[in-house]
Amino acid sequence: MSEPLKYLSHYPQHVQAQVRTLIERGGLKTYLLDKYPTPHSIGNDKALREHVMQFKNRYLKKSAPLSKVIFDNRIHVVNHALGLHSYVSRVQGNRLKSKHEIRISSVFKATPQAFLDMISVHELAHLKEKEHNKAFYQLCQYMLPSYHQLEFDLRLFLLQTELEGALYEPTGETAGDGCVV
16 MSEPLKYLSH YPQHVQAQVR TLIERGGLKT YLLDKYPTPH SIGNDKALRE HVMQFKNRYL
76 KKSAPLSKVI FDNRIHVVNH ALGLHSYVSR VQGNRLKSKH EIRISSVFKA TPQAFLDMIS
136 VHELAHLKEK EHNKAFYQLC QYMLPSYHQL EFDLRLFLLQ TELEGALYEP TGETAGDGCV
196 V
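To convert, take the position in the sequence shown, counting from 1, and add 15; that gives my numbering.
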C-alpha cells in the first residue's frame, strides 16, 4: 500500500490510486484546465465581500451579519485551512456584541470561480453550523449543489500546485500560500 496523497489522505485508496495514475501520466494539469480553464476576476477585499454577501443574502438572510470579509495571506498550510470563520464577543456597556468575520486564503486569488464559491459557501455555513457535521455539509450542498465535487477538485488543484506550480499564469498579484480545506 502506497503513502496517502497530501490533501487526499482521507479518501479511499482506490481514489488515491486513480489520482496517482493521472499524475504519472501527466494528466492532472490537463484535467484541471479542461474543467476550469480560467481563474476568477475577484482581486480585492471589496469585491470578495460583495461576492460572499450574494451567497449570504440568497441563502442565509436571517443569519448573523458579517463585519469583515477579506483575503488573508497569513492563512496557510500550518492552519490546515483555506479560510477561517471567526466570531468575537465583546461586552459593550451592559450588552454582549458579537462580530463575525470571514477570512479567505489569498491562494483563492488565483483559482477558478467555482473554488472561490466553494470556500465562500464553506465559511458561510459556519454562521449556522460551527462543526463539520452532517447538517453543515447539507447546508453547503444546499447553497452549492456541486460542493463535494468542487472540494475534491480543489484538493487536486492544491496537489497540482504543489507538484508543478501554479495552474494559471501570474497576473501580477501573488497567489498566496497553498492550503487545505
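Backbone N, C-alpha and C fix where the C-beta goes; we use that ideal spot for every residue, glycine too.
Classify residue i as buried or exposed, calling it buried when 16 or more other Cβ atoms lie within 10 Å of its own Cβ.
i	result
V93	With a pLDDT of 42 at V93, under the threshold of 50, the modelled position of that residue is not reliable, and no figure is offered here.
Q33	exposed
A125	buried
S161	exposed
T45	exposed
P27	exposed
V30	exposed
Y157	exposed
Just to confirm the assignment, what range does the beta strand (DSSP E) spanning residue i have?
i	result
S135	First-last for S135: Q128 to A140, but that is the alpha helix (DSSP H), not the beta strand (DSSP E).
Y84	Reading the sequence as shown, one finds Val at residue 84 and not Tyr. L81 to D87 is the extent of the beta strand (DSSP E) around V84.
If we ignore side chains and look at the alpha-carbon of each, how far apart do residue i and residue j end up?
i	j	result
S24	D168	14 angstroms
L159	D132	8 angstroms
R64	L37	36 angstroms
P127	S113	32 angstroms
V67	I90	18 angstroms
P80	E138	13 angstroms
E166	K50	14 angstroms
L47	L171	8 angstroms
E184	P52	11 angstroms
F130	P54	9 angstroms
K143	R40	42 angstroms
E177	N72	35 angstroms
E116	G108	22 angstroms
K77	F70	12 angstroms
L173	Q153	24 angstroms
Y22	Q164	14 angstroms
K8	R35	Examination of residue 8 is not possible in this model, given that the chain is present from 16 through 196 alone.
S56	G180	20 angstroms
Considering residue i, what are the terminal residues of the alpha helix (DSSP H) in which it resides?
i	result
K149	K149 to M158
T45	L43 to K50
K61	D60 to Y74
E39	Q28 to E39
Y162	Y162 to E179
Answer with yes or no whether the minimum CB distance from residue i to chain D is below 7 angstroms.
i	result
E116	This model lacks chain D altogether; it includes just one protein chain.
Go through its chain and collect everything with a Cβ distance to residue i's Cβ below 6 angstroms, but skip five positions before and after it.
i	result
I85	D60 and R118
Y74	M158
Take residue i and list the residues in its own chain whose beta-carbon comes closer than 7 angstroms to its own, dropping the five residues that flank it on each side.
i	result
C155	V136, H137, A140 and Y162
A150	E144
H147	none
P19	Q31
Keeping to the same chain, check which residues put their C-beta closer than 8 angstroms to that of residue i; ignore five residues upstream and five downstream.
i	result
Q175	L43, K44, L47 and L182
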